[in-house]
Every structure is written in C-alpha cells, then in structure tokens.
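**Q** The letter at position 303 of the sequence shown is residue 301 when you use our numbering, and the numbering goes up by one with no holes.
Each residue gets a CB set at the ideal place from its N, CA and C atoms; glycine is no exception.
Right, I'll just put the structure down here and ask away after.
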Amino acid sequence: MSEDQTKKILQADKALMSTYGRFPIIFKNGKGARIWDADGKEYIDFFAGLAVNNLGHSHPRVVKALTDQAEKLFHVTNLFYNQPMIDLASKLVDVSFADQVFFCNSGAEANEGAIKLAKKFSFDKGDKKRNKIITMENSFHGRTAAGMAATGQDKIKTGFAPILDGFEHIPFNDIDALKAKMDNTVTAVLLEPVQGEGGVTPADKDYLVEVRKLCDAAGSLLIFDEVQTGIGRCGALFAYETFGVEPDVMTLAKALGNGLPIGAILAKGDAAKALTPGSHGSTFGGTAIVSAPALAVLDVMIEEKIPEKCAETGKYFIEKLNLLKEKKDTIKQVRGLGLLIGLEIEGKAADVVKQCLDRGFVINAVQENVLRFVPPLTIEKSDIDLLIDCLEDLL
Ligand SMILES: Cc1ncc(COP(=O)(O)O)c(C=O)c1O
C-alpha cells in the first residue's frame, strides 16, 4: 500500500469512531463488479457493499436518474408529495403482495417501523393481550433499540441493557418450537427468509408454509425482513416469491437504492392501515433525490430480468463451490439461495477474507467460520471462475 493511502487511513482512524473493524483500504472508484482502491489496485467485488450494489457500481441508468433528479428537486417534507416517491411506491405495490408502502432510510429503521406497525395493529383491534413478537435465534434485524431486541444474537446486545422487552427468540426452521409459542398473545412473527448475518441459512420451504398457517390460525402478523434477501438477491425480486409464501408485512433496504440510503415497509390489508398521521414518520423517507434512482433500480431489475439471471448465476456459483468441496476437506458446507451464498469452512473465515483481499477479491466473513459471497447480481461467470481458482489455492 502507498504511503499516501497509509497516511489517509491514520487520519481516518483519528477522526472516525471505531465502530467497525475496517480493512486498511480506501476505495475510490467502481464500475460493475470491479472496484479500485486509492492506489489504483483493482478488485473483483463479491461483497457489493454488503448486498447493496445489486446492479453493480455506477449503473448508468441509476446514475442518470440520480443526476436528472438532482437538477430538479432534492427534497420536500413529507407534509407534501413528490412525484418520484409516488412512482416508487406505486411500482413496489404493483410488483409485490403489498397494498401500501412507508419509506424510511435503512434496514434497522424499516424493522423498527414494522415492529411499531405490528404493535399498533394489535392496539387498534383492542387486542391488549397481544404483546409478544417472536423472532429467530441467529437472526439479525439491525442496531437500533428495537432492532437489537429483535435480533437473536447476544453478542450484539452486550453493554446495552436494559434491552427492549417483548421479544422471544426461538430456533429457526423448527416448526415445533413455533407451535409451542403461538397463541393469542403473539402480535407478530418476524424472520428473514434466508438468515444472512447469522451465517447464510435459508428457511426450509415447508417450514415457511407452516409458519404462515400458524400465524393465520393465531391471528398474528407474519413479517419478513427482506433487507438483505430482497431486490433480486435470492433469484426473485423478493425472496418470499421463491418460497411461495406471502407475508403480511415486509421490510426492504440495502439494494433498493443500489447504494443510496433508503428503507421501506410494505404491508397489505388492515396491516397497511395501522400507521396513521402522528404515529410514525421519517424526515427523509421517500425523499425525491433517493426515490428517483430507486425507481430506476426496480425498472432495470424488471426490464433486464436481473433476478432470473441471478438465479442462474447463483446455481452456477453453488455448483462450482460444491465441486471445490469435493476436493477440499476444509470445506464443510455450501448453502444459500440465488447470489446470497455461504461457505462453511474449517478454520477462521476472517483469515481467508484477508488473503482474498491481497489477491484482489473482496469477500466477507459472517460468524467465525462462514465465508459469504454477495456479489452484484450482474457478475460474470468468468469472475466466479477466478474466485474459485483463488479459493482452491487458499483453502
Ligand atoms: C436482515 C437484515 N435486517 C436488517 C439489517 C440492518 O440494516 P441497516 O444496516 O440498513 O440498518 C441488516 C443489515 O445487514 C440485515 O441483513
């Protein structure tokens, strides 16, 4: 690394709170699935800003929508309307199970809002006994107060007691565990169709079908956190489509803006009516400068059949990893859906991430021993081949 980049990293670490275990690299440019650091070193991006840049870096239609909108109007308060917000909400309603949308700025904020929505839904029905939200062990729903409480991982809660009350965590993919909990005190069941941060664990299809039935029988809302799985990542625009199970409420963020900050709560029926004037809001939610490029993201996704391409590329990637597994005892399991893929290995995943970076591949580790691959959905198979060669060498 150049002296200049090293100097700038020292400056960064002085001025920024040390919230992240950052790698000492400053990225400067990106195009498609390639990113370049401040020294001009090229990397193939298998991380996509943590499942955010699903259309790759600097997608021309997203850039155009952003720059065109910048010439017209950045923002007005939510006490008025703006056209990109109207168009984006209408599009999301058209292409999903939902009747209505609420916009915010991040995944945690979307989940925070969905939790409020569920509580208000029960309150409005006069259902005072319903005071419980069930979530899954190993889940991840964000770093805010309710997001942390909903998350089924103790490590993210340390130091933040008292944690918000009213959440119970049960084992994922275990229908008997849910059956034992379901009754008329359950406001909602909240889960990720594929647990991302928990180690890339997809739900079983039969499990989700049964969860839906149990929620219907108990009168509880089913909320899918599709912050990571949504916007084409799992081989359909939304992961719930691949399972054939519709939620009542769904949260989105990450790839909806392809790098611009946006989150959304989608809901149907009475659930969509629960949040009313004065009960919820967000200054920047649905702001014009972010809604216009987010609409371009959805248009490109649909017109260019990106989720379908992702399903095919994901299959190829998983096949290649399974072939590698046959050759390598250090690989324990390959799992995932679409291009949300995990490789469980023996040994420390973080060490492999570091070595991949040295060789020009940006990948990620979740938990101690799982490598996670979440490239742009437009990644070429030839780039996957290059990574497989690199992993064959390293593992
Ligand atoms: C499933 C899920 N929910 C919520 C979040 C939190 O999103 P954000 O970091 O945008 O608040 C994440 C982030 O990784 C996530 O993967």
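What is the DSSP secondary structure of Glu40, reduced to helix, strand or coil?
**A** Here residue 40 is taken as the residue at index 42 of the sequence shown, counted from 1. DSSP places Glu40 in strand when its eight states are reduced to three.
**Q** Any heavy atom of ligand 1 inside 7 Å of the beta-carbon of Leu48?
**A** The residue you call residue 48 lines up with position 50 of the sequence shown. Here the distance from the Cβ of Leu48 to the nearest heavy atom of ligand 1 is below 7 Å.
**Q** Would you decide whether Tyr18 is buried or exposed? Buried here means 16 or more other CB atoms lie within 10 Å of its CB.
**A** What you label residue 18 is simply residue 20 of the sequence shown in a count that begins at 1. Exposed is the call here.
**Q** Return the chain-ordered ranges of every beta strand (DSSP E) run that is complete within the region 277 to 359 and spans a minimum of 3 residues.
**A** Taken in chain order, the complete beta strand (DSSP E) segments of 3 or more residues contained in the region 277 to 359 are 329 to 335, 338 to 343.
**Q** Determine, for Ser94, whether the minimum Cβ-Cβ distance to residues of chain B falls below 8 Å.
**A** Absence of chain B from the displayed structure is noted, only one protein chain being present.
**Q** Does Gln9 pass the burial test, meaning 16 or more other C-beta atoms within 10 Å, or should it be called exposed?
**A** In the sequence shown, residue 9 corresponds to position 11, counting from 1. Under this definition Gln9 is an exposed residue.
**Q** Check whether the Cβ of Lys89 lies closer than 7 Å to any heavy atom of ligand 1, and answer yes or no.
**A** Within the sequence shown, numbered from 1, the residue matching residue 89 stands at position 91. Every heavy atom of ligand 1 is 7 Å or more from the Cβ of Lys89, so no.
**Q** How about Asn256 and Leu53: are their beta carbons less than 8 Å apart?
**A** The count along the sequence shown starts at 1 and reaches residue 256 at position 258. The count along the sequence shown starts at 1 and reaches residue 53 at position 55. Yes, the Cβ-Cβ distance between Asn256 and Leu53 is below 8 Å.
**Q** Is it the case that the CB of Ser280 approaches a heavy atom of ligand 1 more closely than 7 Å?
**A** Residue 280 sits at position 282 when you count from the first residue of the sequence shown. Ser280: no, Cβ never under 7 Å from ligand 1.
**Q** Quick one: give me the first and last residue of the alpha helix (DSSP H) that Leu86 is part of.
**A** To locate residue 86, count along the sequence shown from 1; it is residue 88. Start and end: 81 to 93.
**Q** Take Asn320 as the anchor and find which of Lys303, Ile339, Lys307 has the nearest alpha-carbon.
**A** Sequence index remark: in the sequence shown, residue 320 carries index 322 (1-based). Of the residues Lys303, Ile339, Lys307, the one whose Cα lies closest to the Cα of Asn320 is Ile339.
**Q** Have a look at Val209 and Leu393 and give me their C-alpha separation to the nearest angstrom.
**A** Taking the sequence shown and counting its residues from 1, one reaches residue 209 at position 211. Taking the sequence shown and counting its residues from 1, one reaches residue 393 at position 395. Cα to Cα, the separation comes out at about 38 Å.
**Q** Per DSSP, what are the beta-bridge partners of Asn362 in this structure?
**A** Numbered from 1 along the sequence shown, position 364 holds the residue referred to as residue 362. As a beta-bridge residue in DSSP terms, Asn362 pairs with Arg370.
**Q** Considering only the beta carbon of each residue, do Gly228 and Ala201 sit closer than 8 Å?
**A** Stepping through the sequence shown from its first residue, residue 228 is reached at position 230. Stepping through the sequence shown from its first residue, residue 201 is reached at position 203. For Gly228 and Ala201, no; Cβs fall outside 8 Å.
**Q** Which same chain residues end up closer than 6 Å to Leu250 when comparing Cβ atoms and leaving out the 5 residues on each side of it in sequence?
**A** Numbered from 1 along the sequence shown, position 252 holds the residue referred to as residue 250. Once the five neighbours on either side are set aside, the close Cβ partners of Leu250 are Glu224, Gly228, Ala262.
**Q** Looking at C-alpha atoms only, which residue of Asp163, Ile113, Met180, Gln151 is the closest neighbour of Phe222?
**A** Taking the sequence shown and counting its residues from 1, the one referred to as residue 222 is at position 224. Ranking the options by Cα distance to Phe222, first place goes to Ile113.
**Q** Exposed or buried, Ile191, counting other C-beta atoms within 10 Å across all chains shown (16 or more means buried)?
**A** The sequence position of residue 191 within the sequence shown is 193, counting from 1. For the record, residue 191 in the displayed sequence is Pro; it is not Ile. Classification for Pro191: buried.
**Q** What's the gap between the Cα of Thr142 and the Cα of Pro160?
**A** Here residue 142 refers to the residue found at position 144 when the sequence shown is read from its first residue. Here residue 160 refers to the residue found at position 162 when the sequence shown is read from its first residue. Going from the Cα of Thr142 to the Cα of Pro160 covers about 13 Å.
**Q** Near Pro373, which residues of its chain fall below 7 Å by C-beta distance, leaving aside the five closest residues on each side in sequence?
**A** Numbered from 1 along the sequence shown, position 375 holds the residue referred to as residue 373. For Pro373, where only same-chain residues beyond five positions count, the Cβ hits under 7 Å are Ala31, Asp43, Phe44, Ala46, Leu337.
**Q** What do you reckon, are the CB atoms on Ala286 and Met83 nearer than 8 Å?
**A** Mapped onto the sequence shown, residue 286 falls at position 288. Mapped onto the sequence shown, residue 83 falls at position 85. Met83 sits close to Ala286, with the two beta carbons spaced by under 8 Å.
**Q** Grab me the residues of Thr4's own chain with a C-beta within less than 6 Å of its C-beta, minus the 5 sequence neighbours each way, in chain order.
**A** In the sequence shown, the residue the question calls residue 4 occupies position 6. No residues qualify anywhere along the chain.
**Q** Three-state secondary structure (DSSP) at Met248?
**A** Indexing the sequence shown from 1 puts residue 248 at position 250. Here Met248 sits in strand by DSSP.
**Q** Is it a yes or a no for the region 128 to 141 touching the region 152 to 167, going by three-plus beta-carbon pairs under 8 Å?
**A** yes
**Q** Are the beta-carbon atoms belonging to Phe119 and Asp268 less than 8 Å from one another?
**A** Numbered from 1 along the sequence shown, position 121 holds the residue referred to as residue 119. Numbered from 1 along the sequence shown, position 270 holds the residue referred to as residue 268. It is a contact, given that the beta carbons lie within the stated cut-off.
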